[in-house]
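K.L.:
Mind looking over this structure? Questions follow.
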Amino acid sequence: MGAADDMPSLPEDPAALRALLLAVLEQRDAAMAERDALAVRNEHLHHLLLTLKRRQFGQKSERLPDDQLLFAFEEIEATLAASEAEAGQRSKGLKEQQAKRRRGSRGQLPAHLPRMEICPCCAGALVEIGADSAERLDVLPAQFRVLVTRRPRLACRACPGVVLQAPAPERLVPGGLPTEATVAQVLVAHYADHLPLYRQAQMLARQGLTLGREVLADWLGTAAQEIRPVVCRLREILLASPRLFADETTLPVWPAPLNGTGCYERATPRHGAPGWARRSGA
1427 MGAADDMPSL
1437 PEDPAALRAL
1447 LLAVLEQRDA
1457 AMAERDALAV
1467 RNEHLHHLLL
1477 TLKRRQFGQK
1487 SERLPDDQLL
1497 FAFEEIEATL
1507 AASEAEAGQR
1517 SKGLKEQQAK
1527 RRRGSRGQLP
1537 AHLPRMEICP
1547 CCAGALVEIG
1557 ADSAERLDVL
1567 PAQFRVLVTR
1577 RPRLACRACP
1587 GVVLQAPAPE
1597 RLVPGGLPTE
1607 ATVAQVLVAH
1617 YADHLPLYRQ
1627 AQMLARQGLT
1637 LGREVLADWL
1647 GTAAQEIRPV
1657 VCRLREILLA
1667 SPRLFADETT
1677 LPVWPAPLNG
1687 TGCYERATPR
1697 HGAPGWARRS
1707 GA
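Sequential numbering from 1427 applies to the sequence shown in this note's numbering.
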């Protein structure tokens, strides 16, 4: 028996051979996209390891305050999510895996939130024979609501066996719960209002929404990938300017609670600005 006997048999039909080749190419693209995403993740984890070593073993003047370390964690998680979103755009298979992972861990929306049903318009003499519904989290100022998109399945009385249904709308976060307004709210609160993700998660918890900091970071990373063309264009415009100015105004912040009581045992301000401390009963 020669080496040729160990080779897998290939279909002789040109159409089947072409389909097999396309499937192999898609698997190769998915593997390459996953490899690139893992390489980026490894680079960021290496940077995080160096930061933690500096925090643990560095000289006292070089050690990072606790609040700055928390901000570093949030930025790294958002960057990792952006890398995963970019890899998902290059590979359809990887994008479906990410959407499946989000659907499996997103949980259920609270029943007390009001529902708004959205039905797409149709034309012709059609009759509804059923409907598929999907829930998305939306936000209004100081009020959350759930958008329910209904996609009726419609049949024609004159054409037996013909069933029509509008396609599901695209989501900013594939497989995720938030609408574009919800993601924009998290972005503005984090970057414009300097509200850390852990504090936003606490605010959502008061509304009955259990969304962890890692979920909010995933939304930030996905949104960052979507607006990357705008950022690149702004960068080109800025670099074409004869002068650039930067605002280095310091910003005092509160650290994350060190225990489950919501009390702050120690406050370390950023950049040496005055801080605050709150204890039980304060």
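By construction, the Cβ of each residue, glycine as well, lies at the ideal position given by its N, Cα and C atoms.
So what's Ala1557 in DSSP terms, helix, strand or just coil?
P.N.:
For the purposes of this step, residue 1557 is taken as the residue at position 131 of the sequence shown. Reduced to three states, the DSSP call for Ala1557 is strand.
K.L.:
Using DSSP's beta-bridge definition, name the partner residues of Leu1563.
P.N.:
In the sequence shown, residue 1563 corresponds to position 137, counting from 1. Partner(s): Val1572, Pro1604.
K.L.:
DSSP on Cys1582, reduced to helix/strand/coil?
P.N.:
Looking up residue 1582 in the sequence shown gives position 156. Of the three classes helix, strand and coil, the one that applies to Cys1582 here is strand, per DSSP.
K.L.:
What is the residue span of the alpha helix (DSSP H) that Gln1534 lies within?
P.N.:
Residue mapping note: residue 1534 aligns to position 108 of the sequence shown, counting from 1. It is not in any alpha helix (DSSP H) - Gln1534 carries neither H nor E in the DSSP assignment.
K.L.:
Just confirm the distance between the C-beta atoms of Leu1573 and Leu1535, as a whole number of angstroms; I'd bet it's less than 8 Å.
P.N.:
Along the sequence shown, read from residue 1 onward, the residue named residue 1573 stands at position 147. Along the sequence shown, read from residue 1 onward, the residue named residue 1535 stands at position 109. Leu1573 to Leu1535, Cβ: 10 Å. No contact.
K.L.:
Name the one or two DSSP bridge partners that Val1589 has.
P.N.:
What you label residue 1589 is simply residue 163 of the sequence shown in a count that begins at 1. Partner(s): Ala1581.
K.L.:
Buried or exposed for Gln1453, please, with buried defined as at least 16 other CB atoms from any protein chain shown within 10 angstroms of its CB.
P.N.:
The count along the sequence shown starts at 1 and reaches residue 1453 at position 27. That one is exposed.
K.L.:
Name the DSSP bridge partner or partners of Arg1541?
P.N.:
Here residue 1541 refers to the residue found at position 115 when the sequence shown is read from its first residue. DSSP lists Val1572 as partners of Arg1541.
K.L.:
If we ignore side chains and look at the alpha-carbon of each, how far apart do Glu1438 and Ala1594 end up?
P.N.:
As a position in the sequence shown, residue 1438 is number 12, starting the count at 1. As a position in the sequence shown, residue 1594 is number 168, starting the count at 1. Approximately 38 Å between the Cα atoms of the pair.
K.L.:
Closest to His1470 by CA distance: which of Leu1660, Ala1507, Met1629 is it?
P.N.:
Looking up residue 1470 in the sequence shown gives position 44. The candidate whose alpha carbon is nearest that of His1470 is Ala1507.
K.L.:
I'd like the list of long-range same chain contacts for Arg1529, defined as Cβ closer than 7 Å, with 5 residues on each side in sequence excluded.
P.N.:
Within the sequence shown, residue 1529 is the residue found at index 103, counting from 1. The residues are Gly1601.
K.L.:
Which residues bound the alpha helix (DSSP H) around Val1599?
P.N.:
By 1-based counting over the sequence shown, the position of residue 1599 is 173. Run containing Val1599: none; DSSP gives neither H nor E here.
K.L.:
What's the call for Gly1401, buried or exposed, on a 16-neighbour Cβ count within 10 Å?
P.N.:
Here the chain comprises residues numbered 1427 to 1708, so residue 1401 is not present and cannot be evaluated.
K.L.:
Can at least three beta-carbon pairs, one atom from the region 1598 to 1617 and one from the region 1649 to 1667, be found at a separation below 8 Å?
P.N.:
As far as the Cβ criterion goes, the region 1598 to 1617 touches the region 1649 to 1667, which means the pair count is three or higher.
K.L.:
Report buried or exposed for Glu1510, applying the criterion of at least 16 other Cβ atoms within 10 angstroms of its Cβ.
P.N.:
Residue mapping note: residue 1510 aligns to position 84 of the sequence shown, counting from 1. Buried: at least 16 other Cβ atoms inside 10 Å.
K.L.:
To the nearest angstrom, how far is it from the Cα of Gly1587 to the Cα of Leu1580?
P.N.:
The residue given as residue 1587 occupies position 161 in the sequence shown. The residue given as residue 1580 occupies position 154 in the sequence shown. Rounded to the nearest angstrom, the two C-alpha atoms are 11 Å apart.
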